[in-house]
Each structure stands twice: as C-alpha cells, then as structure tokens.
Amino acid sequence: KIFQAVVSCIGGDGTIYIIPKSFETALNKLMAEIQNTFKGLGLLIPYCWKKGEACVVRGSDTVWYRAKIVEVSGSTLQVQYIDRGYVESIPQCHLYPTTFYTDIPPFCIPCQLYKTLPIGNFWQQDAVDYLQELLKNEEVEIHVEELPDKPWGKLSISLYFGGMSLSSFMAYQKYCVAEDCQDIQKLGVFEGDLSPSYLLQPLPVPGETFPVTVTHLVSPKEVYICLDSSGKLTKRSAAERAASRDSESLAKALKWCNKIVKTLPHLTNFKKELPCLAEYVDGLWYRAKLLSITQLVPVQILVQFVDYGTYLVAPTSRLRHIPCHLLKYPVQAVRVLLAGFKPASDDKNVERIPYSPEWSLKALWTMVDCVEGKRLSASILTVSPEVTISLYGDDKNLVHLKLVEMGLAEFDE
Numbered sequence: 015k016i017f018q019a020v021v022s023c024i025g026g027d028g029t030i031y032i033i034p035k036s037f038e039t040a041l042n043k044l045m046a047e048i049q050n051t052f053k054g055l056g057l058l059i060p061y062c063w064k065k066g067e068a069c070v071v072r073g074s075d076t077v078w079y080r081a082k083i084v085e086v087s088g089s090t091l092q093v094q095y096i097d098r099g100y101v102e103s104i105p106q107c108h109l110y111p112t113t114f115y116t117d118i119p120p121f122c123i124p125c126q127l128y129k130t131l132p133i134g135n136f137w138q139q140d141a142v143d144y145l146q147e148l149l150k151n152e153e154v155e156i157h158v159e160e161l162p163d164k165p166w167g168k169l170s171i172s173l174y175f176g177g178m179s180l181s182s183f184m185a186y187q188k189y190c191v192a193e194d195c196q197d198i199q200k201l202g203v204f205e206g207d208l209s210p211s212y213l214l215q216p217l218p219v220p221g222e223t224f225p226v227t228v229t230h231l232v233s234p235k236e237v238y239i240c241l242d243s244s245g246k247l248t249k250r251s252a253a254e255r256a257a258s259r260d261s262e263s264l265a266k267a268l269k270w271c272n273k274i275v276k277t278l279p280h281l282t283n284f285k286k287e288l289p290c291l292a293e294y295v296d297g298l299w300y301r302a303k304l305l306s307i308t309q310l311v312p313v314q315i316l317v318q319f320v321d322y323g324t325y326l327v328a329p330t331s332r333l334r335h336i337p338c339h340l341l342k343y344p345v346q347a348v349r350v351l352l353a354g355f356k357p358a359s360d361d362k363n364v365e366r367i368p369y370s371p372e373w374s375l376k377a378l379w380t381m382v383d384c385v386e387g388k389r390l391s392a393s394i395l396t397v398s399p400e401v402t403i404s405l406y407g408d409d410k411n412l413v414h415l416k417l418v419e420m421g422l423a424e425f426d427e
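Residue numbers (this note's numbering): 15 to 427.
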C-alpha cells in the first residue's frame with residue numbers, strides 16, 4: 015500500500031511517527047471535540063496515576079491532547095501524546111484522567127525503515143536529530159513493506175521525500191546501512207561522469223490560446239514564458255494539465271532539495287549545458303545549466319536557471335550536483351519570439367540594450383511594465399525554426415501595441 019502522510023515526530027530511538035493524510039479530517043474533528051469537553055486547568059487534587067493510564071494533556075500551546083502515562087516519577091509524569099507520538103515530561107496539574115475517547119485508536123502510526131540497519135545497531139543521537147530536522151511536520155510518501163508482528167508494533171516502511179528514498183539518503187550520509195541498495199542509484203548525486211540533460215516542455219498545439227506568465231525578458235521581442243497552471247480558461251489542454259502537475263511536483267522536490275543541499279557534492283565537472291543546482295540571490299537553490307566559464311581566477315561560471323530563463327554568474331561554491339530525480343520534470347521556461355513588431359527605425363533614445371542594440375532600453379522597460387505580474391495569454395504561430403507566439407495582455411490586446419503607440423516599435427507583417 016502506498017499513501018501520503020505527515021511526519022508528526024521522530025522518537026528518541028529513531029521511530030518515525032506518521033499521520034496518514036486520510037486521517038486528518040477525523041483527527042481535526044476529534045481535537046475540536048476534546049477542546050469543547052475539557053476547559054480550564056488540569057486535575058488540581060491529588061491523584062494516584064498508573065503507568066499506561068489514559069488521560070488528556072494540556073500542551074504548552076494550551077490545547078488539550080489525548081495521551082497515556084509512560085512513567086510516574088513524583089510530581090512530574092512522562093506522557094506520550096498518542097495522536098502525535100512524542101513523549102514529554104509534564105507536571106500533574108496539566109493532566110486529567112479520562113475514559114473518554116479511549117475506544118478511538120491512535121491516529122499516528124509508529125514506523126521503522128525497512129531493511130535498514132543503523133550504524134551501531136541503534137540510531138545515534140545525531141541521526142535522530144537530523145531525521146527530526148529533515149522530516150518533522152513534512153508531507154512524505156509511505157510504501158508499506160511489512161506489517162508489525164504484534165498489534166501497535168512498528169510498521170516496516172520505505173519512506174520517500176521529494177522522490178528520494180530516506181533509507182538510501184541516510185545510508186549515503188553514513189548514518190545506516192540499507193540492505194536493499196537499488197535505491198542508492200536513484201539518489202543520483204554520485205553520477206558526475208554521466209551527461210544527463212533536461213526534458214523539454216511539451217507545448218500546446220499552434221492556434222490554441224493558453225495562459226502564460228513571462229519569467230524573463232532578453233529583449234522586447236525575445237522572452238521566456240511559463241505555462242500558467244493557475245489560468246482560469248475554461249478548457250485546459252492535456253499539455254497544460256501535465257505542465258500544472260509537473261510544476262507542483264517540481265516545487266515540492268525543490269523544497270526538499272533545499273533542505274538537504276549541503277549534503278550534495280559541489281560541481282567538479284564544468285561541461286557546457288550540464289544540469290546542476292545553483293544558488294540564486296534569494297539564498298534558495300534552483301535547477302540550472304552551465305553555459306560558460308566567464309573568469310578563471312577565481313572561477314566564475316555563467317549559468318541559466320532553466321525554469322525561469324534568468325542568468326547568473328556564480329562562483330563554484332554556489333553550484334552543486336543535481337539529484338537525478340529532478341531531471342524527470344520538463345524545463346518550465348520556454349524561450350519564444352514575439353510576433354507582429356520590430357524595433358522602430360526612428361527610435362531616438364540613445365541608451366540601447368548592449369547585447370541587442372537595435373532595441374532601446376526604454377523599449378525594454380516599457381515591455382517589462384506590460385508583462386510583469388500580469389495575467390497573459392499566448393497563441394503559438396510557429397515552432398520552427400524558433401517558437402514564435404502572439405502574446406496578449408489581460409485586456410486581450412497584443413502587448414506590443416503600447417510600444418508601437420509610444421514610437422518604440424513598429425508593426426512587422
């Protein structure tokens with residue numbers, strides 16, 4: 015069985031507690047009921063607590079939770095939150111004994127990684143801390159491998175985050191040995207000598223109008239677009255639906271990659287067009303490809319972020335190997351030429367685009383104003399030799415009309 019779940023906590027012994035996404039509605043309903051039933055403080059009169067006894071606990075967030083007594087020691091009790099998994103020491107005044115809700119099974123499931131042996135036969139504290147930092151409150155994919163021998167024993171699972179196997183990743187980090195090593199290859203961060211490449215984005219058929227966003231402008235005529243998955247056109251094509259799914263999955267996979275990026279090796283191979291991860295100015299890592307070495311001492315590399323079209327000159331410290339599973343998503347940004355206009359022959363503006371001097375900088379900034387943050391739509395005219403489109407603004411007029419009106423461009427039949 016395969017299902018999505020949220021990791022609620024990692025136990026001190028490395029037990030992974032998960033709450034299946036399908037349980038969330040019932041759990042939220044139960045929590046609301048508990049809050050309505052129990053109000054105020056815990057039990058303030060003396061009470062003889064017993065190990066294993068059911069209770070409700072008022073957490074540090076002032077919310078009541080179901081729990082059970084794990085250990086009794088004086089005025090402080092060790093309790094386990096049965097719907098979350100974590101164990102905490104709590105003063106008696108924050109607890110209340112109850113037989114309410116004891117007929118409802120715990121919502122979180124204790125799990126262990128299938129055929130995975132921790133170094134030293136038990137999970138070391140640094141490994142537990144790392145698992146907690148990596149997984150807590152995150153949504154993951156669970157593959158059930160083996161049911162527990164006894165009721166409420168640990169479920170043996172394979173856990174995947176952002177398309178990566180947790181067992182393989184922890185083995186790569188030297189925290190454990192994964193018996194089934196076939197997944198190690200899927201991690202794909204060791205394959206620097208191979209020459210992988212990105213998949214291209216499938217485009218809608220010519221003549222069909224589809225929503226887009228402009229992610230980067232090279233000149234008023236040459237831009238990068240992304241198919242806009244949030245577009246509200248009534249009928250979406252198969253290409254748009256696929257692009258929407260890919261975009262969401264890629265965003266999740268990249269979020270995970272940003273969490274583990276320090277474990278990925280730095281690039282040592284600087285072959286042109288090589289896919290990699292590159293750090294942008296916002297401190298986050300994105301998919302990129304190498305274009306050229308711009309400086310040798312110190313080494314500076316020109317890269318292009320393939321899902322946006324933007325460029326960056328970066329030192330090697332900001333480039334890392336890309337896990338192979340990130341290559342299965344098509345590049346999100348498509349380079350296109352805009353049809354219907356050309357530079358104005360009588361544009362007197364002196365400041366020109368250095369790499370495209372037929373255009374004035376004023377024309378470029380005007381085009382930026384026309385497309386930035388706007389809901390645009392496009393229609394493909396030709397796909398060869400280059401993808402050429404008509405681009406329409408949110409008022410359904412061609413975006414270049416403003417440039418023509420301002421004398422910065424002229425119509426081109």
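Just so it is clear, CB atoms sit at the ideal spot from N, CA and C, and this is done for glycine as well.
*Evaluate Asp-383 with the Cβ neighbour count: other Cβ atoms within 10 Å of its Cβ, from every protein chain shown; 16 or more gives buried, anything less gives exposed.*
Sequence index remark: in the sequence shown, residue 383 carries index 369 (1-based). Exposed: under 16 other Cβ atoms inside 10 Å.
*Buried or exposed: which applies to Thr-248, given that a residue is buried once 16 or more other Cβ atoms fall within 10 Å of its Cβ?*
Locating residue 248 in the sequence shown gives position 234, counting from the first residue. Note on Thr-248: pLDDT 46, under 50, position unreliable in the model; the coordinate value appears next. Taking every protein chain shown into account, the CB of Thr-248 has fewer than 16 other CB atoms within 10 angstroms, so this residue is exposed.
*Beta-ladder partner(s) of His-280, from DSSP*: The residue given as residue 280 occupies position 266 in the sequence shown. His-280 is bridged to Arg-334.
*Terminal residues of the continuous beta strand (DSSP E) containing Ile-156?*
As a first step, residue 156 must be located in the sequence shown, where it is residue number 142. For Ile-156, the uninterrupted beta strand (DSSP E) run begins and ends at 153 to 160, by DSSP.
*Using the beta-carbon count (16 or more within 10 Å), is Gln-18 buried or exposed?*
If you number the sequence shown from 1, residue 18 lands on position 4. Residue environment: Gln-18 is assigned as exposed (fewer than 16 neighbouring CB atoms within 10 Å of its CB, all protein chains considered).
*Tell me whether Ile-24 sits in a helix, a strand or coil according to DSSP, three-state version.*
Locating residue 24 in the sequence shown gives position 10, where the first residue counts as 1. Note: Ile-24 maps to strand in three-state DSSP.
*Taking Gln-49 as part of the beta strand (DSSP E), name the residues at either end of that continuous run.*
By 1-based counting over the sequence shown, the position of residue 49 is 35. Looking at the DSSP string, Gln-49 is not in any beta strand (DSSP E); the run it does join, the alpha helix (DSSP H), is 38 to 51.
_Residue ranges of each beta strand (DSSP E) within the segment 320 to 405, 3 or longer_ = DSSP runs (the beta strand (DSSP E)) wholly in the segment 320 to 405: 325 to 329, 348 to 352, 355 to 357, 370 to 374, 390 to 396.
*Report the rounded CA-to-CA distance for Trp-373 versus Leu-412, giving the unit in angstroms.*
By one-based count along the sequence shown, residue 373 stands at place 359. By one-based count along the sequence shown, residue 412 stands at place 398. So the two alpha carbons sit approximately 19 Å from each other.
*If you draw a straight line from the C-alpha of Leu-288 to the C-alpha of Thr-324, how long is it?*
One-based indexing of the sequence shown puts residue 288 at position 274. One-based indexing of the sequence shown puts residue 324 at position 310. Thr-324 has its alpha-carbon roughly 16 Å from the corresponding atom of Leu-288.
*How far does the beta strand (DSSP E) with Ser-436 in it reach, from first residue to last?*
Only positions 15 to 427 of the chain appear in this structure, which leaves residue 436 out of reach.
*Return the CA-CA distance between Pro-60 and Lys-82, expressed in angstroms with no decimal places.*
As a working note, residue 60 is residue 46 in the sequence shown. As a working note, residue 82 is residue 68 in the sequence shown. Near 18 Å, if we compare the C-alpha coordinates of Lys-82 and Pro-60.
*Pick from Val-237, Val-327, Leu-310: whose alpha carbon is nearest that of Gln-318?*
Position 304 of the sequence shown, counted from the first residue, corresponds to residue 318. Between Gln-318 and the set Val-237, Val-327, Leu-310, the nearest pair of CA atoms involves Val-327.
*Kindly indicate the opening and closing residues of the beta strand (DSSP E) around Leu-415.*
Here residue 415 is taken as the residue at index 401 of the sequence shown, counted from 1. No beta strand (DSSP E) contains Leu-415, which is instead part of the alpha helix (DSSP H) from 415 to 419.
*Assuming Tyr-369 contacts Thr-229 under a Cβ cut-off of 8 Å, what Cβ separation, rounded to an integer in Å, is found between them?*
Here residue 369 is taken as the residue at index 355 of the sequence shown, counted from 1. Here residue 229 is taken as the residue at index 215 of the sequence shown, counted from 1. Going by Cβ atoms, the distance from Tyr-369 to Thr-229 rounds to 19 Å, so no, they are not a contact pair.
*Contact check, Pro-344 vs Gln-215 under 8 Å by CB: the rounded distance?*
Counting from one through the sequence shown, the residue named residue 344 turns up at place 330. Counting from one through the sequence shown, the residue named residue 215 turns up at place 201. At roughly 4 Å, the Cβ-Cβ gap stays under 8 Å, so Pro-344 and Gln-215 are in contact.
*asked:* Need the endpoints of the beta strand (DSSP E) that Tyr-110 sits in, please.
replied: Counted from its first residue, the sequence shown places residue 110 at position 96. Run containing Tyr-110: 109 to 111, per the beta strand (DSSP E) assignment.
*Starting from Gln-309 and walking both ways along the beta strand (DSSP E), at which residues does that stretch end?*
Numbered from 1 along the sequence shown, position 295 holds the residue referred to as residue 309. Per DSSP, Gln-309 belongs to the beta strand (DSSP E) from 299 to 309.
*Would you mind stating whether Pro-234 and Leu-390 have Cβ atoms separated by less than 9 Å?*
On the sequence shown, residue 234 is found 220 positions in, with the first residue counted as 1. On the sequence shown, residue 390 is found 376 positions in, with the first residue counted as 1. Taking 9 Å as the cut-off, the Cβ atoms of Pro-234 and Leu-390 do not count as close.
*asked:* Please state whether the Cβ-Cβ distance between Gln-106 and Leu-161 is less than 9 Å.
replied: By 1-based counting over the sequence shown, the position of residue 106 is 92. By 1-based counting over the sequence shown, the position of residue 161 is 147. Result no, Cβ atoms of Gln-106 and Leu-161 do not sit closer than 9 Å.
_Counted within 10 angstroms of its Cβ, other Cβ atoms place Phe-121 as buried (16 or more) or exposed_ = Residue 121 sits at position 107 when you count from the first residue of the sequence shown. Counting Cβ neighbours within 10 Å, Phe-121 comes out buried, since at least 16 surround it.
*Please name the residue, chosen from Leu-304, Leu-298, Val-295, that lies closest to Lys-286 on a Cα-to-Cα basis.*
For the purposes of this step, residue 286 is taken as the residue at position 272 of the sequence shown. The candidate whose alpha carbon is nearest that of Lys-286 is Leu-304.
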